[in-house]
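Here is the structure we will look at, set down as structure tokens.
Residue numbers (the UniProt record's numbering): 1 to 465.
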């Protein structure tokens with residue numbers, strides 16, 4: 001096998017049928033939170049199924065730098081591939097000895113968050129209510145992403161946050177010595193901003209309250225409650241959710257299991273739906289109601305997508321997704337659904353490109369400030385695939401091809417964005433001329449092993465020269 005370091009970055013996917021049963025990596029959002037909250041617990045926590053992508057490893061390194069003892073242990077072997085064969089890969093457990101709420105220590109060096117906006121924004125919340133000074137940075141992509149919407153409420157709690165122009169990293173966080181609780185209404189739906197405020201509220205006396213006009217993913221609330229925090233959720237007359245957290249709890253160490261990431265499952269699921277003759281099963285997928293917008297939308301498009309073995313794992317709903325090749329029809333996705341599937345729009349666009357009719361997606365302004373301007377990157381990639389697409393500041397329309405798209409050999413520019421790379425590789429399965437992306441190495445930030453997993457199902461991904 002050619003190593004990632006030596007092989008060409010450009011990758012190409014050609015049409016091929018898919019079949020098999022797979023397990024995708026652990027949920028990235030839950031993995032970040034499991035490390036951070038376990039580091040603030042009293043006692044020893046264990047985490048099974050942690051996503052070992054670069055983003056989550058950056059969080060683990062940051063929590064170590066802040067005083068938590070975090071180790072990785074291999075406990076056995078026996079994980080299956082898409083073809084159902086034993087790989088001999090180790091079963092891994094992460095062990096975290098927490099320092100307790102308020103126990104973080106000042107880091108000796110700069111905290112490098114890599115490519116992870118989630119890690120950077122949530123960690124900023126943790127730091128804001130501790131009496132320390134910390135400097136945070138990230139890679140070139142993360143340093144372009146706005147942090148002001150997180151910094152603004154944290155400064156109301158007493159922190160001082162000094163950022164580069166435009167509210168961007170690097171940032172110096174001067175934590176509050178006497179943090180004060182706030183009631184903050186989110187100007188736009190954002191689980192990251194909500195979570196940053198709640199994490200700051202952990203080491204703040206009194207009650208911290210976040211009001212969100214539209215529901216967003218609630219992993220932080222679920223995990224805090226499971227670890228012993230007093231947290232309540234109420235609904236106002238206008239439908240807004242009011243989340244209240246009592247500060248300075250003693251979080252109890254827990255043995256946690258991270259379910260499969262629905263944002264990662266999205267790629268093989270869509271691949272199975274748009275590839276003729278295919279059927280795949282993705283096991284152990286988190287089906288949190290704040291994360292299932294894509295699966296709801298695919299069913300609206302006529303997808304043969306079912307859930308088997310529905311169950312609860314650590315407070316999160318989990319199930320096995322079965323996707324069978326389907327003839328999809330166009331759909332309109334309303335703005336109010338966007339928060340539950342904001343990371344999945346690139347791969348939904350791939351599905352819409354093969355559908356019958358014109359699909360319209362609304363409420364996409366957030367895509368402009370992701371790892372790349374995803375709205376523009378998707379539009380440019382679809383145009384290279386021979387698909388007619390129109391965009392505005394916060395919307396997109398796609399004229400579906402009612403079957404395979406033309407595709408071609410010209411590489412899609414990914415802008416170092418892992419979701420753009422995966423979405424257009426998936427589209428290559430339903431492209432007469434295949435699809436090529438200019439780089440797929442960054443996929444490891446969220447989905448290590450993506451290439452091997454897809455090839456295990458029958459896909460044909462090759463280095464392009």
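Note that the Cβ used here is the ideal one computed from N, Cα and C, for glycine as well. Only a predicted model underlies this, so the values are computations on that prediction, with no experimental measurement involved.
Nearest residue (CA-CA) to residue i, options the options
i           : options            : result
residue 125 : 98, 155, 145       : 155
residue 243 : 294, 231, 119, 374 : 231
residue 228 : 376, 250, 327, 220 : 250
residue 16  : 30, 275, 122       : 275
residue 482 : 394, 305, 356, 369 : With the chain represented from 1 up to 465, any question about residue 482 goes unanswered, as that position is not in the structure.
residue 206 : 238, 222, 157      : 157
residue 183 : 220, 201, 397      : 201
residue 359 : 389, 369, 375      : 389
residue 296 : 22, 346, 340, 45   : 340
residue 25  : 285, 136, 109      : 285
residue 413 : 383, 433, 445      : 383
residue 171 : 248, 147, 115      : 147
residue 141 : 169, 132, 130      : 169
residue 424 : 100, 394, 349, 449 : 349
residue 534 : 21, 28, 20         : Past the edges of the chain, shown from 1 to 465, lies residue 534, and the structure says nothing about it.
residue 472 : 283, 111, 375, 428 : Shown here, the chain extends from 1 to 465; a query on residue 472 therefore has no answer.
residue 270 : 239, 302, 289, 245 : 302
residue 370 : 145, 95, 392       : 145
residue 39  : 139, 256, 165      : 256
residue 159 : 365, 289, 127, 65  : 127
Coarse secondary structure for residue i, derived from DSSP in three states
i           : result
residue 31  : helix
residue 260 : strand
residue 107 : coil
residue 136 : strand
residue 145 : coil
residue 204 : coil
residue 326 : coil
residue 170 : strand
residue 452 : helix
residue 317 : strand
residue 211 : strand
residue 116 : coil
residue 394 : coil
residue 152 : helix
residue 248 : coil
residue 342 : helix
Rounded straight-line distance, which links the Cα of residue j to that of residue i
i           : j           : result
residue 195 : residue 57  : 19 Å
residue 422 : residue 372 : 14 Å
residue 435 : residue 327 : 20 Å
residue 410 : residue 416 : 17 Å
residue 211 : residue 185 : 4 Å
residue 379 : residue 396 : 8 Å
residue 272 : residue 106 : 48 Å
residue 294 : residue 464 : 30 Å
residue 108 : residue 152 : 26 Å
residue 92  : residue 222 : 24 Å
residue 454 : residue 460 : 8 Å
residue 62  : residue 356 : 47 Å
residue 311 : residue 216 : 21 Å
residue 398 : residue 324 : 23 Å
residue 394 : residue 353 : 19 Å
residue 162 : residue 19  : 51 Å
residue 300 : residue 287 : 17 Å
residue 204 : residue 122 : 16 Å
Burial state of residue i, where buried means 16 or more other Cβ atoms lie within 10 Å
i           : result
residue 281 : buried
residue 343 : buried
residue 254 : buried
residue 218 : buried
residue 259 : buried
residue 406 : exposed
residue 387 : buried
residue 45  : buried
residue 268 : buried
residue 277 : exposed
residue 319 : buried
residue 316 : buried
residue 346 : buried
residue 69  : exposed
residue 12  : buried
residue 133 : exposed
residue 309 : exposed
residue 55  : buried
Anticipated Cβ contact below 8 Å, residue i with residue j, distance rounded
i           : j           : result
residue 41  : residue 103 : About 10 Å separates the two Cβ atoms, so there is no contact after all.
residue 208 : residue 181 : 5 Å
residue 136 : residue 173 : 7 Å
residue 457 : residue 261 : Between residue 261 and residue 457 the Cβ distance is about 17 Å, and since that is not below 8 Å, they are no contact.
residue 35  : residue 59  : 5 Å
residue 175 : residue 129 : 6 Å
Interface flag, residue i vs chain C, CB-CB below 8 Å
i          : result
residue 33 : In the structure shown, chain C cannot be found, because there is only a single protein chain.
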